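A quick write-up on the structure given underneath.
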Amino acid sequence: MTATVDGTTQDAPHYPMTRQCPFDPPRELAAIQADEPIRRVTLWDGSTPWLVTRHADVRTVLSDQRFSADNLTPGYPATSPAVSARRKNAPSFIAMDDPRHAFFRRMLISEFSVKAIRALRPMITETVDELLDAMAGAGQPVDLVQAFALPLPSLVICRQLGVPYADHAFFQARSHTLIDTRSAVDEAVAAPDDLLHYLEGLVAERERTPHDDLLGRLAQNHVVPGEITREQAASMGLLLLVAGHETTANMIALGTLVLLQHPEQADRVRDDAEAVPGAVEELLRLLTVTHLGRRRVAVEDVEVGGVTIRAGEGVVAAGEIANRDPQAFADPDEVDVDRSPNHHLAFGHGVHQCLGQQLARVELQVAYPALLRRFPGLRVDTPLDEIAFRDAMVVYGVHALPVEW
Ligand code: HEM
Numbered sequence: 015m016t017a018t019v020d021g022t023t024q025d026a027p028h029y030p031m032t033r034q035c036p037f038d039p040p041r042e043l044a045a046i047q048a049d050e051p052i053r054r055v056t057l058w059d060g061s062t063p064w065l066v067t068r069h070a071d072v073r074t075v076l077s078d079q080r081f082s083a084d085n086l087t088p089g090y091p092a093t094s095p096a097v098s099a100r101r102k103n104a105p106s107f108i109a110m111d112d113p114r115h116a117f118f119r120r121m122l123i124s125e126f127s128v129k130a131i132r133a134l135r136p137m138i139t140e141t142v143d144e145l146l147d148a149m150a151g152a153g154q155p156v157d158l159v160q161a162f163a164l165p166l167p168s169l170v171i172c173r174q175l176g177v178p179y180a181d182h183a184f185f186q187a188r189s190h191t192l193i194d195t196r197s198a199v200d201e202a203v204a205a206p207d208d209l210l211h212y213l214e215g216l217v218a219e220r221e222r223t224p225h226d227d228l229l230g231r232l233a234q235n236h237v238v239p240g241e242i243t244r245e246q247a248a249s250m251g252l253l254l255l256v257a258g259h260e261t262t263a264n265m266i267a268l269g270t271l272v273l274l275q276h277p278e279q280a281d282r283v284r285d286d287a288e289a290v291p292g293a294v295e296e297l298l299r300l301l302t303v304t305h306l307g308r309r310r311v312a313v314e315d316v317e318v319g320g321v322t323i324r325a326g327e328g329v330v331a332a333g334e335i336a337n338r339d340p341q342a343f344a345d346p347d348e349v350d351v352d353r354s355p356n357h358h359l360a361f362g363h364g365v366h367q368c369l370g371q372q373l374a375r376v377e378l379q380v381a382y383p384a385l386l387r388r389f390p391g392l393r394v395d396t397p398l399d400e401i402a403f404r405d406a407m408v409v410y411g412v413h414a415l416p417v418e419w
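Throughout, my numbering is defined as the position within the sequence shown, counted from one, plus 14.
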């Protein structure tokens, strides 16, 4: 790499690169990981943050609070013009540092504990069964995304939060705009504003009348006593609503497609209940649907993997390739539902590690085997090269997946 006097580089490759295979990260990332695992890349705006590709180094970055998640800090590597233009006055705690981040996250921990999520399992199972019943009754082919993958986590997060599912067309459309790196800037700014306004209405209703749901508890326990504002509660709701359905929906559809490509692994998921939790972890690792890297900016000089990252420099901690690091996983490109241990970084690491991971796990653990059992002859109706993959979306997956059985 050629360093210039101002510290930028002349040969920083463009990031993100284009995938050659829809199930694997771009080959260039594996080459970078092998040859120069921490190096500068060029983003859409010409900025040249550091790309960190090794499993151990990604963990280091994500667990060191000298790397800020605050996307308003100069040097923070923005994902796209749309993302960087978003409203800045109601940030969510995913983009805050401690102690502010912890202040908000703490209010939600009991809502997402193993115990709280275990209590949701019967509702999740019932929702899965209802959706599969409806799918069985529909004419074939069926788009798995619209019939199952998207409604399942949307229904679950709606019930948990207290958001009426009847409004799903409204919030799914805005959520889609929010995470599309190609969205027009004005639309990308309007989408979270619309969602915040909508959620503020739901919180206000719950300030007046207690409701037994997450937004209701936020309203009564934190907004009414004056600990947080209505807008802050709405911003927390927005993060949960978007993170709560986009990620899991894409894991369901893309994970199903992978299983259908590997019938022997699909058989294990269908027939062996004990293999299911491991299979879910393996699909999370392999697919790393949050594929554009975790973004941070150094607030002090920090050494990572022998490279000094200076205060003010951006970092893209690329979980998608760290989860294929041969130093951390044997045969990292193979799908192996029995892989153990499997210390993947699909839910991130450190203080921002996914708050909803127990919920996501239960949804996936219920969804995959139920789908495969209900439709033992499930098959994809379209050649792989005609499936639209979500390369430009912040959450990777498929836009649609026509299936028959
Ligand atoms: C954070 C992935 C499901 C809520 C994260 C992060 C990742 C992630 C990688 C870390 C972000 C960072 O470090 O910058 C996933 C995946 C999911 C999933 C792959 C599904 C398969 C969910 C669900 C919810 C949720 C179901 C909520 C209902 C959150 C929240 C954060 C987060 C609130 C921010 C945590 C914080 O900043 O303290 N998720 N997530 N996620 N996720 Fe998830």
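Glycine included, C-beta positions come from ideal geometry on N, C-alpha and C.
Here the structure is a predicted model, which is why all the values come from computation and not from measurement.
Identify whether residue i lies in helix, strand or coil by the three-state DSSP scheme.
i, result
"G391", "coil"
"R215", "The question names Arg, yet the displayed sequence has Gly at residue 215. Of the three classes helix, strand and coil, the one that applies to G215 here is helix, per DSSP."
"A312", "strand"
"T141", "helix"
"I335", "helix"
"F81", "strand"
"E42", "helix"
"V6", "Residue 6 is absent from the model: the chain starts at 15 and stops at 419."
"P416", "strand"
"P63", "coil"
"G328", "strand"
"T87", "coil"
"T243", "coil"
Could you tell me the alpha carbon to alpha carbon distance between residue i and residue j, rounded to whole angstroms?
i, j, result
"K129", "D347", "34 angstroms"
"A205", "N337", "32 angstroms"
"P416", "G153", "12 angstroms"
"A289", "Q246", "41 angstroms"
"D226", "L255", "17 angstroms"
"L232", "G362", "25 angstroms"
"P105", "R282", "43 angstroms"
"L373", "E260", "13 angstroms"
"D147", "R388", "9 angstroms"
"R68", "P340", "9 angstroms"
"A183", "S189", "10 angstroms"
"Q234", "R222", "9 angstroms"
"A86", "D71", "For the sequence presented, residue 86 should be read as Leu rather than Ala. Straight-line Cα distance between these residues: approximately 24 angstroms."
Tell me whether the beta-carbon of residue i lies closer than 7 angstroms to the beta-carbon of residue j.
i, j, result
"H276", "V349", "yes"
"E327", "G89", "yes"
"V311", "S82", "yes"
"A332", "L76", "no"
"L209", "L252", "yes"
"P113", "L145", "no"
"P91", "L43", "no"
"R119", "F107", "yes"
"R423", "V351", "A question about residue 423 goes unanswered here, because the residues of the chain that appear run from 15 up to 419."
Determine the closest residue to residue i out of the options, with distance taken between C-alpha atoms.
i, options, result
"A263", "D281, I171 and V237", "I171"
"G319", "R308, E418 and E50", "E50"
"V8", "T302, V238, V237 and P155", "Any answer about residue 8 is impossible in this case: the structure gives the chain only from 15 up to 419."
"Y410", "D285, R80 and L306", "L306"
"P40", "S94, I335, R324 and L268", "I335"
"P424", "V412, A414, V408 and E418", "One cannot answer for residue 424 here, as it falls past the ends of the chain, which runs 15 to 419."
"F37", "A342, R299, D315 and D84", "R299"
"R196", "A26, T93, A344 and L386", "T93"
So is residue i in contact with chain C if we call contact Cβ pairs under 7 angstroms?
i, result
"Q160", "Checking the listed chains, one finds no chain C in this structure; it contains a single protein chain."
Item checked: the stretch 349-369 in contact with the stretch 153-166 per 3-pair CB rule at 8 angstroms -> no
Note to self: With three or more beta-carbon pairs closer than 8 angstroms as the criterion, would you say the stretch 370-388 touches the stretch 396-406?
What the structure shows: no
Checklist line | the stretch 180-200 / the stretch 295-302 touching (three or more Cβ pairs under 8 angstroms) | finding: no
Checklist line | Contact the stretch 176-185 vs the stretch 211-220: 3+ CB pairs below 8 angstroms | finding: yes
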